[in-house]
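With our numbering as the guide, the letters of the sequence shown map in order to residues 4 to 335. Just so you know, even glycine gets a beta-carbon here, dropped at the ideal spot from N, CA and C. This one's a predicted model, so the numbers in the text were calculated from it and none came from an experiment.
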Amino acid sequence: MSRTRTERLVNLVICLLSTRRFLTAAQIAATVPGYEHDPDDARDHEAFQRKFERDKAELRELGVPLETGTASVFDAEPGYRIAPREYALPDIPLEPDEAAAVGIAARLWQHAGLAAAASSGLAKLRAAGVDVDPQATLGLEPMVTVDPAFAPLTAAARDRREVGFDYRVPDRDAPTRRRLQPWGVVCWRGRWYVVGHDLDREATRCFRLSRVVGPVRVTGDPGAYEPPAGVDLISHVARWSGPVERTGRAVVLAAPGRAAGLRRWAVEVSAGPDGDRLVLPYADLDWLAGHLVGYGPDVRVLDPPELREAIIQRLKEIAVRHDDLATAGGHR
Numbered sequence: 004m005s006r007t008r009t010e011r012l013v014n015l016v017i018c019l020l021s022t023r024r025f026l027t028a029a030q031i032a033a034t035v036p037g038y039e040h041d042p043d044d045a046r047d048h049e050a051f052q053r054k055f056e057r058d059k060a061e062l063r064e065l066g067v068p069l070e071t072g073t074a075s076v077f078d079a080e081p082g083y084r085i086a087p088r089e090y091a092l093p094d095i096p097l098e099p100d101e102a103a104a105v106g107i108a109a110r111l112w113q114h115a116g117l118a119a120a121a122s123s124g125l126a127k128l129r130a131a132g133v134d135v136d137p138q139a140t141l142g143l144e145p146m147v148t149v150d151p152a153f154a155p156l157t158a159a160a161r162d163r164r165e166v167g168f169d170y171r172v173p174d175r176d177a178p179t180r181r182r183l184q185p186w187g188v189v190c191w192r193g194r195w196y197v198v199g200h201d202l203d204r205e206a207t208r209c210f211r212l213s214r215v216v217g218p219v220r221v222t223g224d225p226g227a228y229e230p231p232a233g234v235d236l237i238s239h240v241a242r243w244s245g246p247v248e249r250t251g252r253a254v255v256l257a258a259p260g261r262a263a264g265l266r267r268w269a270v271e272v273s274a275g276p277d278g279d280r281l282v283l284p285y286a287d288l289d290w291l292a293g294h295l296v297g298y299g300p301d302v303r304v305l306d307p308p309e310l311r312e313a314i315i316q317r318l319k320e321i322a323v324r325h326d327d328l329a330t331a332g333g334h335r
């Protein structure tokens, strides 16, 4: 997901969480940064509607309980809101090691620009006259990990610098070298992609960040190129990736009252003495492992065994990175 779209989605969630009434699409467009357009211009308004529909679908796919309704019987146009009671998390007591893991997650939020987006978004919403409840956004759940290629590729796209990296596809044993002018990094169906101009193939290409092998090397000067005007990165990824078939089934044990996002995603939920048994459909085991790690001790994998091993490996990597950061901080 590009930084601009990420900030827009964060501001949209903040807006809909912070208001007690349903907001129409027109009110949201006038309030949330990123939706600015001329409603009297048919093409401009149609572009806004497409953008808004994509964002609503993205939020619902992420498990955000987006409600549709009207403030009164006199309202002809439906509005939208997020009920805090449906989205908020219960109090979470943390042990020292768990608090350290949350600290790592917080650094990801700060790195991705979400903290700045949230604070600036609240200020803009208040300035626009929206009744903001700052406590309503405390249920936002950060993820713990992100692909290592995320930071260098987002920086290269921002600075318009060419990059090179090794890339592995499933049907080949060895990775191949790619040279790219990155236009932006986007999230599509829970996976991160970079979209840009492939210099060797002289064509637009997108690459899944989890398949980038080794470091990303910046090879070009800043401002070396310009992406096409009005390019829709999500559409490029959607056409390239095709439909996702979630044929896999994972069984996890969730602590009582925890893992609200997983409960909305589960196709089966059954209560037990040690917690609730959730059956989760998935298409990519590695992505699911990274997602479940974010829930920490609230979720335990029962099946399949390879998913449990993938999570253990990710936790080991997080522990190593945390030790490295602590060591580096001690030498400052």
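Nearest candidate by alpha-carbon position, reference residue i, set the options
| i | options | result |
| --- | --- | --- |
| W268 | L65, D41 and V188 | L65 |
| D58 | L19, F25 and A45 | L19 |
| W195 | S213, D203, E205 and L202 | S213 |
| Y228 | A241, G187, S238 and V216 | G187 |
| A79 | E165, G299, S238 and A28 | A28 |
| W243 | P307, G260 and T207 | T207 |
| S238 | V189, S21 and L256 | V189 |
| V368 | D235, G251, R204 and F168 | There is no way to answer for residue 368, as the model of the chain reaches only from 4 to 335. |
| R23 | E70, P42, R46 and D201 | E70 |
| V67 | Y285, L310, G223 and L265 | L265 |
| D3 | T222, D224 and W191 | In the structure as shown, the chain starts at 4 and stops at 335, and residue 3 therefore has no counterpart that could be examined. |
| P225 | K54, E49 and V166 | V166 |
| T250 | L288, P230, P231 and V221 | L288 |
| D306 | R204, R252 and I315 | R252 |
| P231 | I321, G297, R53 and H200 | H200 |
| R211 | D150, D203 and V16 | D150 |
| G299 | P284, L318 and L283 | L318 |
| I17 | E205, D47 and L62 | L62 |
Exposure label - residue i; buried when at least 16 CB within 10 Å
| i | result |
| --- | --- |
| T179 | exposed |
| A262 | buried |
| G217 | exposed |
| L273 | Looking at the sequence itself, residue 273 is Ser, so the reference to Leu does not match. With fewer than 16 other Cβ atoms within 10 Å, it is exposed. |
| A177 | exposed |
| V13 | buried |
| Q30 | buried |
| T9 | buried |
| G275 | exposed |
| L281 | buried |
| R11 | buried |
| V270 | exposed |
| A160 | buried |
| G293 | buried |
| E309 | exposed |
| V304 | buried |
| I85 | buried |
| V255 | buried |
| A45 | exposed |
| A108 | Interpretation of A108 is limited by its pLDDT of 47, a score under 50 that renders its predicted location unreliable; the figure taken from the coordinates is listed afterwards. So A108 ends up on the buried side. |
| E312 | exposed |
| L15 | buried |
| G260 | exposed |
| I315 | exposed |
Per DSSP, cross-strand counterpart(s) of residue i
| i | result |
| --- | --- |
| A253 | L283 |
| V198 | G187 and C209 |
| V265 | What sits at residue 265 in the sequence shown is Leu, not Val. Paired residue(s): none; L265 is not in a bridge. |
| G167 | R182 and R220 |
| L323 | What sits at residue 323 in the sequence shown is Val, not Leu. Paired residues: none, contrary to the question. |
| G275 | G278 |
| Y83 | L26 and T71 |
| V302 | A257 |
| V215 | Y170 |
Integer Cβ distance of residue i from residue j, believed to fall under 8 angstroms
| i | j | result |
| --- | --- | --- |
| A258 | G278 | 5 angstroms |
| G72 | L26 | In fact, because the Cβ distance is near 11 angstroms, the residues do not count as touching under 8 angstroms. |
| L295 | V302 | 6 angstroms |
| V240 | V198 | 6 angstroms |
| A152 | V215 | 4 angstroms |
| V221 | R164 | 5 angstroms |
| F51 | A33 | Contact flag wrong, Cβ pair sits at about 11 angstroms. |
Min CB distance residue i to chain D below 8 angstroms
| i | result |
| --- | --- |
| G66 | Looking at the structure shown, chain D is missing, and only one protein chain is on hand. |
Examine the Cβ distances between the region 151-159 and the region 183-190 and report whether three or more of them are shorter than 8 angstroms.
Yes: the two stretches touch, three or more of their Cβ pairs being nearer than 8 angstroms.
Below 8 angstroms, can you find three or more Cβ-Cβ pairs linking the region 18-38 to the region 47-62?
yes
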